[in-house]
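All remarks here apply to the structure that follows.
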Amino acid sequence: MHFLTPTTIGSLQNPREAIGRIVCANFHLANKPVDIEVPQAVLPDTVFEAVVRIPYDMQLKQVLANGKKGALNVGVVLILPEGFELAPLDRISPEMKEKIGNLSFQTTAPLRKIFL
1 MHFLTPTTIG SLQNPREAIG RIVCANFHLA NKPVDIEVPQ AVLPDTVFEA VVRIPYDMQL
61 KQVLANGKKG ALNVGVVLIL PEGFELAPLD RISPEMKEKI GNLSFQTTAP LRKIFL
């Protein structure tokens, strides 16, 4: 059994394999289709939205730490182009904060801000 945690990903120099696949795919949703929506172009110093959809059966459950069944944990590693980084909280509009809700975002390592 293998575990790939944020700490494990953070220790990687690059979460992408030489063939282009994200290392998490070795253990998780290697062949799952993903839909991503991003602007065609953005101006410098602009906050924009990237929407990632992973279609899956919402009825599927996983075993939680307490032994009960619960919702699946679903996540994504997003690699931004060079020069881009996650916007600081003070730059995110109230409307976007409302859309985000309780989702969490983090870089995999402080020096590699393009890997979310």
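Positions 1 to 116 (full-length UniProt numbering) are the ones given, in order, by the sequence shown. No residue lacks a Cβ here, since even glycine has one placed at the ideal position from N, Cα and C.
Backbone secondary structure at residue i - three-state DSSP
i	result
GLU37	strand
ILE100	helix
Cβ shell of residue i (< 6 angstroms), same chain only, five flanking positions each side left out
i	result
residue 120	Any answer about residue 120 is impossible in this case: the structure gives the chain only from 1 up to 116.
Cβ neighbours of residue i in the same chain (closer than 8 angstroms, five flanking residues each side left out)
i	result
ARG91	VAL47
LEU43	none
VAL74	ILE54 and TYR56
LYS69	LYS61, GLN62 and VAL63
VAL34	VAL52, ARG53, ILE54 and VAL76
Other residues of its chain near residue i: CB distance less than 7 angstroms, five sequence neighbours each side excluded
i	result
PRO39	PHE48
Residues that residue i bridges to, as DSSP identifies them
i	result
residue 118	Residue 118 is absent from the structure shown; the chain starts at 1 and stops at 116.
ARG53	ASP35
ILE92	In DSSP, ILE92 forms no bridge with anything.
Cβ-Cβ separation, residue j to residue i (assumed contact under 8 angstroms), whole Å
i	j	result
LEU86	PHE105	6 angstroms
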